[in-house]
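Engineer:
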Amino acid sequence: MPSHNLMSLPVYKDKEQTTLVGCVDMIDMVAMVIKMHDGTKGFPSALRYAQEMQEWKELIVQQAMHQKKQKAVTMEEGGTFASVVRLLIDNHVHRVLVQNSDGGLVDIITQSDVVNALHENLNRVDLAYLNRKISQFACIEECDHAPFVVDKNAMAIEAFHIINDHNVSALPVVDKEDGNKLLGTISVRDIRTLSNDGDFPKVLYVHTAEAFCAKLHARVDTKAPLAASLQLHNTFRDAVELLHKYKIHRVWICDKEFKVIHVLSLYNILTEAVDR
Numbered sequence: 016m017p018s019h020n021l022m023s024l025p026v027y028k029d030k031e032q033t034t035l036v037g038c039v040d041m042i043d044m045v046a047m048v049i050k051m052h053d054g055t056k057g058f059p060s061a062l063r064y065a066q067e068m069q070e071w072k073e074l075i076v077q078q079a080m081h082q083k084k085q086k087a088v089t090m091e092e093g094g095t096f097a098s099v100v101r102l103l104i105d106n107h108v109h110r111v112l113v114q115n116s117d118g119g120l121v122d123i124i125t126q127s128d129v130v131n132a133l134h135e136n137l138n139r140v141d142l143a144y145l146n147r148k149i150s151q152f153a154c155i156e157e158c159d160h161a162p163f164v165v166d167k168n169a170m171a172i173e174a175f176h177i178i179n180d181h182n183v184s185a186l187p188v189v190d191k192e193d194g195n196k197l198l199g200t201i202s203v204r205d206i207r208t209l210s211n212d213g214d215f216p217k218v219l220y221v222h223t224a225e226a227f228c229a230k231l232h233a234r235v236d237t238k239a240p241l242a243a244s245l246q247l248h249n250t251f252r253d254a255v256e257l258l259h260k261y262k263i264h265r266v267w268i269c270d271k272e273f274k275v276i277h278v279l280s281l282y283n284i285l286t287e288a289v290d291r
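Residue numbering for the sequence shown follows this note's numbering, starting at 16 and increasing by one per position.
Okay, structure coming up:
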């Protein structure tokens, strides 16, 4: 996945690729990192890093696939764009696997693909809809809790613990002493970037969440800010434009003082586009 800049890979039961088992993705990788982390508690630091690196190298796909993960969502090639969107929403998944009549995999369509297609066709969308404020989105109106966050001074490994424990794909890095002011983002994609590093997994233990964000941002070829954000007065168009521009999976919604109050994901954009 790191070498091809992928977030997931299909997994087959046999080498002939006749029986699709599911997908292994970066959420699975984070779960394995946390499992190794919990298993080496109490080890001296040097031994701990060496042990976890060795386990990482010996990890097989079957061990990595999340035990509670649902079966891969599939569709036959030739299906409509609307049916793909419906599958993504109804199953609350990040991707749909497209198969031919023989069961062979021919494509993978992701939430990002759909939002990018939406961006390309914004000129066909009714202006009243495009200008609808984020404050009117169902995910905002119906939300009864703030996003999970990690403090800037927590170790990076603690951020991935929160990600794993609460089954989310990213966290805002905040300054809790300043009312959860937004400083950066840590996501499951970061494991993909670091997994081939000589410092992995040690890097997760020696950097604070804030320093970890800065380290990742310096390495990745991106013009994206440390954390992309909008406010409640921004619009549907603003959200789609920002997600597309920076090729990101979520936007943090902040108040006027840049304190995190909500999160707007690709999934939320899809549901707003289809179900509202």
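All residues carry an ideal CB built from backbone N, CA and C; glycine is no exception.
Because the structure is a prediction, the values reported are computed rather than measured.
How would you label residue 157, buried or exposed, when you count the other beta carbons within 10 angstroms and need 16 or more for buried?
Structural biologist: The residue you call residue 157 lines up with position 142 of the sequence shown. Label assigned to residue 157: exposed.
Engineer: Take residue 230 and list the residues in its own chain whose beta-carbon comes closer than 7 angstroms to its own, dropping the five residues that flank it on each side.
Structural biologist: In the sequence shown, counting from the first residue as 1, residue 230 sits at position 215. Excluding sequence neighbours, residue 230 sits near 222.
Engineer: Whose C-beta lies closer than 7 angstroms to the C-beta of residue 103 among residues of the same chain, with five residues either side of it excluded?
Structural biologist: As a working note, residue 103 is residue 88 in the sequence shown. Excluding residues within five positions, the ones whose Cβ falls inside 7 angstroms are 111, 126, 129 and 285.
Engineer: Assuming residue 44 contacts residue 87 under a Cβ cut-off of 8 angstroms, what Cβ separation, rounded to an integer in Å, is found between them?
Structural biologist: Taking the sequence shown and counting its residues from 1, the one referred to as residue 44 is at position 29. Taking the sequence shown and counting its residues from 1, the one referred to as residue 87 is at position 72. With a Cβ gap of about 17 angstroms, residue 44 and residue 87 do not count as contacting.
Engineer: Can you give me the C-alpha to C-alpha distance between residue 54 and residue 210, rounded to a whole angstrom?
Structural biologist: Walking along the sequence shown from the start, residue 54 turns up at place 39. Walking along the sequence shown from the start, residue 210 turns up at place 195. So the two alpha carbons sit approximately 19 angstroms from each other.
Engineer: Check each candidate in 217, 135, 139 and 193 and name the one with the smallest Cα separation from residue 170.
Structural biologist: Against the sequence shown, residue 170 aligns to sequence position 155. The shortest C-alpha separation from residue 170 is found at 217.
Engineer: By Cβ distance, which residues of its chain are closer than 6 angstroms to residue 232, with the 5 residues on each side in sequence left out?
Structural biologist: The residue given as residue 232 occupies position 217 in the sequence shown. Counting only Cβ-Cβ distances below 6 angstroms, and skipping sequence neighbours, we find 241.
Engineer: Can you check which of these residues, 288, 289, 264 and 272, is closest to residue 278 by C-alpha distance?
Structural biologist: Numbered from its first residue, the sequence shown carries residue 278 at position 263. Of 288, 289, 264 and 272, the residue nearest in Cα terms is 264.
Engineer: Does the Cβ of residue 40 have 16 or more other Cβ atoms within 10 Å, making it buried, or fewer, making it exposed?
Structural biologist: Locating residue 40 in the sequence shown gives position 25, counting from the first residue. Residue 40 should be labelled buried.
Engineer: Would you list, in sequence order, the uninterrupted beta strand (DSSP E) runs of no fewer than 3 residues that lie entirely inside the region 61-103?
Structural biologist: The region 61-103 contains, as complete beta strand (DSSP E) runs of 3+ residues, the segments 89-91 (chain order).
Engineer: To test your reading of the DSSP string, which unbroken beta strand (DSSP E) runs of 3 or more residues are found completely within the region 155-201?
Structural biologist: 185-190
Engineer: Can you tell me whether residue 192 is buried or exposed? The criterion is at least 16 other CB atoms within 10 Å of its CB, across all chains shown.
Structural biologist: Taking the sequence shown and counting its residues from 1, one reaches residue 192 at position 177. Residue 192 comes out exposed.
Engineer: From what residue to what residue does the beta strand (DSSP E) around residue 122 run?
Structural biologist: The residue you call residue 122 lines up with position 107 of the sequence shown. First-last of the beta strand (DSSP E) with residue 122: 120-125.
Engineer: Give the straight-line distance between the Cα atoms of residue 145 and residue 245, rounded to the nearest whole angstrom.
Structural biologist: Taking the first residue of the sequence shown as position 1, residue 145 is located at position 130. Taking the first residue of the sequence shown as position 1, residue 245 is located at position 230. Between residue 145 and residue 245, the C-alpha separation is close to 15 angstroms.
Engineer: When you compare only the Cα positions, how much space is there between residue 178 and residue 137?
Structural biologist: Counting from one through the sequence shown, the residue named residue 178 turns up at place 163. Counting from one through the sequence shown, the residue named residue 137 turns up at place 122. Approximately 33 angstroms, taken between the alpha carbons.
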